[in-house]
Amino acid sequence: EKKVFRIAIDGPSASGKSTISKYLSEILAIDYLDTGAMYRAITFYLLENGYSLTDENEIEKGIKKIILKYDNNNIIINNKILKDELRTEVVTKNVSLISSYSSVRSKLVNIQREIAKKNSIILDGRDIGTVVLPNAEYKFFLVADPEVRARRRLKDKNSRLNMTFDEIVEDIKRRDYLDSTRAISPLKKAEDAIVIDSSKLTINEVVENILKSIRGI
Ligand code: CDP
Ligand code: CDP
């Protein structure tokens with residue numbers, strides 16, 4: 038009988054969650070769900086359809102119209118596959134506000150739990166170890182200095198940001214602040230999560246670290 042297990046990877050913006058989760062999912066041959074991309078998808082949809090992002094009642098109406106599916110690592114909203122749209126500056130700037138609304142969070146947390154039931158899987162986000170999967174078998178909390186994270190973002194060709202180094206540092210600090218001070222499901226280390234500071238570690242070293250603690254050696 039196959040043993041199903043879940044790995045929760047949380048941490049602030051640009052701490053390496055998605056890169057490391059992708060590698061781990063290949064090495065362990067299990068699924069991977071990027072929950073940040075789901076919050077970005079909702080933000081994209083609301084912007085695209087002209088909702089006032091500060092009006093919580095409007096947002097609640099808007100998200101009732103959304104059918105979100107996750108298939109083959111693709112996020113599909115009302116039959117449209119979203120890819121590059123998710124990482125634009127306007128989505129990045131607004132996603133922390135949208136993810137502070139309870140109607141948005143409860144919709145996505147339900148979907149995430151449903152997906153995590155089926156197979157062994159890695160979920161990355163902010164509240165996976167604390168709220169989405171408090172019983173996950175393995176929990177990690179990635180951190181790195183804001184300047185290190187900004188430098189990595191700047192080098193990252195996929196991030197599609199037309200920002201200077203200083204602007205990226207500011208955006209990272211602003212989202213760290215919003216994400217860790219919001220009322221519902223703030224960014225917070227689960228008590229039983231293992232902290233990995235990658236400021237001075239390569240991607241491979243972080244992956245090795247995680248594999249060692251999963252294998253218990
Ligand atoms: O890639 P980056 O770390 O910049 O962000 P992301 O993981 O794509 O997440 C974008 C935003 O979604 C975060 O800044 C949070 O505001 C929100 N988020 C959340 O609230 N809860 C999650 N589980 C994942 C993301
Ligand atoms: O998903 P999250 O926003 O936490 O971060 P990411 O997009 O996976 O990582 C941000 C950037 O940092 C990517 O370009 C990674 O390749 C890079 N990175 C690194 O250079 N060294 C690490 N130890 C971790 C991430």
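According to UniProt numbering, the sequence shown is numbered sequentially starting from 38.
Note that beta-carbon positions come from the ideal geometry of N, C-alpha and C, so glycine has one too.
What you are looking at is a predicted structure, and each value in this text was computed from that prediction instead of being measured.
For V141, the uninterrupted alpha helix (DSSP H) run begins and ends at S139 to K155, by DSSP. Straight-line measurement puts the Cα of D193 at about 17 Å from the Cα of L238. In this model, E93 and V146 are separated by some 18 Å (Cα to Cα). Annotation for L179: the continuous beta strand (DSSP E) segment containing it runs Y175 to V180. Around the beta carbon of S143, fewer than 16 other beta carbons sit within 10 angstroms, so the residue counts as exposed.
If you draw a 10 Å sphere on the C-beta of S139, you find fewer than 16 other C-beta atoms in it, and that means exposed.
When secondary structure is reduced to three states using DSSP, G87 falls in the coil class, being assigned neither helix nor strand. For the pair of segments examined, the region 66 to 77 was found to touch the region 158 to 168: the number of CB pairs separated by less than 8 Å reaches three. At least 8 Å separates the beta-carbon of T80 from that of I118. The beta-carbon distance between S52 and L248, rounded to whole angstroms, is 18 Å. This is too long to meet the 8 Å contact definition. In the displayed model, D229 falls within coil according to three-state DSSP, outside both helix and strand. In this structure, K54 is the residue among N131, K54, I44 and F42 with its C-alpha nearest to the C-alpha of R189. Here the alpha carbons of G99 and L83 stand approximately 7 Å from one another.
In this structure R77 is buried. Its beta-carbon is surrounded by 16 or more other beta-carbon atoms within 10 angstroms. By the neighbour-count definition (other C-beta atoms within 10 Å, threshold 16), F177 is a buried residue.
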